Amino acid sequence: MASDGDANTRSSGSGSGTRFGHLPLSTTGPLDCALSGTALLNDPFFNKGSAFPLEERRAFGLHGLLPGSGAQTLETQARRAREQYASRPDDLAKNTFLTSMKEQNAVLYYKVSRLVPVSLPPLLSRQDCLLQDNIKDMFSVVYTPTEGDAIQNYSRLFRRPEGCFLSVNDKERVRANLAQWGNPEDIDYIVVTGPSLLPCTSREHIYMMVEKDGDNGREKGDGEEILGIGDQGVGGILISVAKLVLATLCAGVHPNRCLPVVLDCGTDNPALLDDDLYLGLRERRVRGARYDAFVDEFVAAARALYPRAYIHFEDFGLGNGEQATSGRSRAR
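When we follow UniProt numbering, the leftmost residue of the sequence shown carries the number 1, and every step to the right adds one.
Right, here's the structure in full:
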């Protein structure tokens with residue numbers, strides 16, 4: 001499949017079995033694609049929607065699955081998306097619309113212009129992607145303050161998962177759950193979000209886990225202190241997601257090489273505990289030795305599986321973040 005939407009798509013053999021096993025992380029020229037039919041249309045990194053040309057529709061069994069007999073340009077797709085975005089009644093609805101777009105067509109969502117490193121994989125180098133074209137207008141919708149509203153409403157707006165969800169009640173599965181995201185060389189940036197001891201005191205904690213040869217990292221947290229709005233439990237995954245969107249838009253980090261993570265340790269938020277729609281653990285937050293052992297298990301697994309990854313502890317509770325970063329830094 002051509003990365004710019006103009007050349008023909010090629011098919012290839014099956015992937016490696018991991019979540020992104022079929023996706024090359026950087027490439028020039030056409031991309032080999034093992035997907036076809038509805039599976040291809042449901043993959044946000046390969047799906048081009050109405051931009052698939054006739055020859056690719058034939059090659060990948062897309063006839064009858066898309067309207068029309070020819071490809072629309074990305075400019076036309078972007079214009080339609082801008083009109084749809086503008087028609088949403090408020091910023092939270094706009095945020096939800098953009099999230100849905102990212103889940104369907106990542107290239108249309110992102111715009112990587114000449115302002116970012118030219119070494120960025122061509123997958124994200126198309127010139128008519130919505131968000132980069134409108135980053136100044138959309139920043140507050142993609143990130144704070146609107147992302148805070150989305151986080152608070154996470155379980156009610158939920159449509160499909162994004163990121164890695166690790167439960168304190170399933171500590172023995174941490175390594176296996178992390179391993180499904182790729183091979184050791186596949187993950188660069190992990191962002192993880194986690195719990196706070198001092199509610200509503202937003203703090204970021206960054207910890208360089210290993211020496212790196214490049215721009216490596218993964219975002220992680222425990223959801224207790226999110227954007228200064230306190231304990232949001234498993235909804236904190238969205239701040240990890242949003243931070244990594246900015247890493248792609250502003251720094252050119254390939255989204256396939258980023259992993260948002262949330263450590264679900266329960267919640268002390270009474271509204272979440274009483275909400276039967278809440279998707280996380282509906283039990284009081286775990287603290288003390290059991291919490292420490294869970295975080296240690298995550299760090300050990302992440303280091304072993306992705307030894308070059310940069311791990312970013314985001315919106316942990318003040319006490320937890322300081323302990324997590326300083327204690328594990330000394331243990332290196």
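Positions of the beta carbon are idealized from the N, C-alpha and C atoms, including for glycine.
Predicted model only: the values in this text are computed from it and were never measured.
Check: From L108, V141 and V168, residue whose alpha carbon lies closest to that of G73; Outcome: Gly is not the amino acid found at residue 73; the sequence shown has Thr there. With distances taken between Cα atoms, T73 lies closest to L108.
Check: Neighbourhood of P255 by C-beta, 6 Å cutoff - its chain only, sequence neighbours within 5 removed; Outcome: T248
Check: Beta-carbon spacing of S140, T146 below 8 Å; Outcome: yes
Check: DSSP state of L277 mapped onto helix, strand, coil; Outcome: coil
Check: Separation of P184 from A34, as counted between CA atoms; Outcome: 22 Å
Check: In DSSP terms, what F165 is bridged to; Outcome: V262
Check: Local conformation of V174 per DSSP, three classes; Outcome: helix
Check: Alpha carbon of G182 to alpha carbon of P30, nearest angstrom; Outcome: 22 Å
Check: Segment limits, alpha helix (DSSP H) that includes G194; Outcome: Run containing G194: none in the alpha helix (DSSP H); it sits in the beta strand (DSSP E), Y189 to G194.
Check: CA nearest to the CA of L178, picked from P67, D188, A242 and F165; Outcome: F165
Check: Neighbourhood of L157 by C-beta, 7 Å cutoff - its chain only, sequence neighbours within 5 removed; Outcome: T96 and A150
Check: Buried or exposed (CB count within 10 angstroms, at least 16 for buried), V262; Outcome: buried
Check: Pair within 8 Å by beta-carbon distance, V253 and D188; Outcome: yes
Check: Beta-carbon gap between E103 and P53 smaller than 8 Å; Outcome: no
Check: Where the alpha helix (DSSP H) containing I135 begins and where it ends; Outcome: I135 to V142
Check: Buried/exposed call for A71, threshold 16 Cβ in 10 Å; Outcome: buried
Check: For Y143, the nearest candidate out of G236, N105 and G194 (CA to CA); Outcome: G236
Check: Unbroken stretches of the alpha helix (DSSP H), 4 residues or longer, contained in the stretch 66-91; Outcome: 74-87
Check: Short Cβ contact (8 Å threshold) for N105 with G49; Outcome: yes
Check: Cβ neighbour criterion (16 or more within 10 Å) applied to T99; Outcome: buried
Check: DSSP-derived helix/strand/coil call for D268; Outcome: coil
Check: Whole-angstrom C-beta distance between L281 and D292, which should lie under 8 Å; Outcome: D292 to L281, Cβ: 17 Å. No contact.
Check: Sequence-distant residues of the same chain with beta carbon closer than 6 Å to V168, five excluded per side; Outcome: C265, V286 and F294
Check: Where I229 sits in the DSSP three-state scheme; Outcome: coil
Check: Given L279 as reference, the closest of T267, S87 and A301 once Cα atoms are compared; Outcome: T267
Check: Beta carbon proximity, V107 to chain D, threshold 8 Å; Outcome: Although the question refers to chain D, the structure presented lacks it and comprises just one protein chain.
Check: Cβ-based neighbour list, G61, same chain, cut-off 6 Å, excluding 5 preceding and 5 following; Outcome: S36 and G37
Check: Within 8 Å, strictly: CB atoms of I229 and A302; Outcome: no
Check: Simplified DSSP assignment, three categories, for G182; Outcome: coil
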